[in-house]
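Heads up, the thing below is written out as structure tokens.
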Amino acid sequence: MKQRALVRLVAAAVGSVLAPLAIAASQSLNIPIVAQQHSEWCWAADANAILTYRGVSTTQCGIDNWVNSINYACQQASFDWNDSANSPNALSGTTGISGIVWSLGRRDSNYYDSALNYSTATSALSNGNPVVVLWTWPDGGGHFIVLDGYDDSGPTLYFMNPWPGEGTGWGDYSWIRDGTGNMGTHWWSESLIVY
């Protein structure tokens, strides 16, 4: 009888120690899926998704108006491909994604001019902080996605891709860092953790 009680006590102790570790092995922030409304608006869609996740109501065109100091991005009329309303953007700077989330949502962020290692990315996600990733293309240009979860069994990262028709995606860390997929060959060149 005493032996069974001791076994139960040890099993309960081990279970209480291991249970948090099992929970910590994966995380999903459930960042809303926001499809970019114009060809260069991945940055506006990502900023919109993060601000919405943080409870701040915004629109992509409102963000674009603020960034480009214009007042017509929300109008029904279309604008030319090369119009300043359809311009690319950056992660850092006053009007980059870091400036947008601070100015429109009072959210701090940390910018890195490189890919995050897996443990830094998962630590941010474990604390409820999304990570914006710049995928750079070999021939120039790039695309922003938002990391919104992970699963250590892969190691796998989950992301929100704002390109129309893409939505949620996932990949092992090495593919996210340097890979080839529907959107071509990419490498993770910059990062922004948003608090």
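Note that full-length UniProt numbering gives residue 130 to position 130 of the sequence shown, counting from 1, and the numbers run on in steps of one. Positions of the beta carbon are idealized from the N, C-alpha and C atoms, including for glycine.
Candidates the options: which alpha carbon is nearest residue i's?
{"i": "residue 115", "options": "191, 25 and 195", "result": "191"}
{"i": "residue 118", "options": "94, 149 and 169", "result": "149"}
{"i": "residue 68", "options": "30, 95, 187 and 126", "result": "95"}
{"i": "residue 162", "options": "35, 130, 90 and 176", "result": "35"}
{"i": "residue 42", "options": "147, 142 and 187", "result": "142"}
{"i": "residue 131", "options": "164, 176, 84 and 58", "result": "176"}
{"i": "residue 182", "options": "64, 173, 165 and 189", "result": "165"}
{"i": "residue 147", "options": "139, 140 and 133", "result": "133"}
{"i": "residue 37", "options": "74, 189, 56 and 84", "result": "74"}
{"i": "residue 185", "options": "167, 139, 193 and 160", "result": "139"}
Just the Cα atoms here: how many angstroms apart are residue i and residue j?
{"i": "residue 198", "j": "residue 195", "result": "Outside the shown range of the chain (1 to 195) lies residue 198, about which nothing can therefore be said."}
{"i": "residue 151", "j": "residue 26", "result": "4 Å"}
{"i": "residue 169", "j": "residue 113", "result": "23 Å"}
{"i": "residue 40", "j": "residue 87", "result": "6 Å"}
{"i": "residue 63", "j": "residue 171", "result": "29 Å"}
{"i": "residue 145", "j": "residue 81", "result": "22 Å"}
{"i": "residue 109", "j": "residue 136", "result": "21 Å"}
{"i": "residue 29", "j": "residue 53", "result": "9 Å"}
{"i": "residue 187", "j": "residue 180", "result": "9 Å"}
{"i": "residue 51", "j": "residue 100", "result": "9 Å"}
{"i": "residue 45", "j": "residue 127", "result": "22 Å"}
Give the C-beta separation of residue i and residue j to the nearest angstrom, bearing in mind that I take them to be a contact with Cβ-Cβ under 8 Å.
{"i": "residue 104", "j": "residue 59", "result": "With a Cβ gap of about 11 Å, residue 104 and residue 59 do not count as contacting."}
Minimum length 4: unbroken alpha helix (DSSP H) runs contained in the segment 65 to 119: 97 to 105
Inter-stretch contact at 8 Å, needing at least 3 Cβ pairs: the segment 152 to 161 / the segment 65 to 85: no
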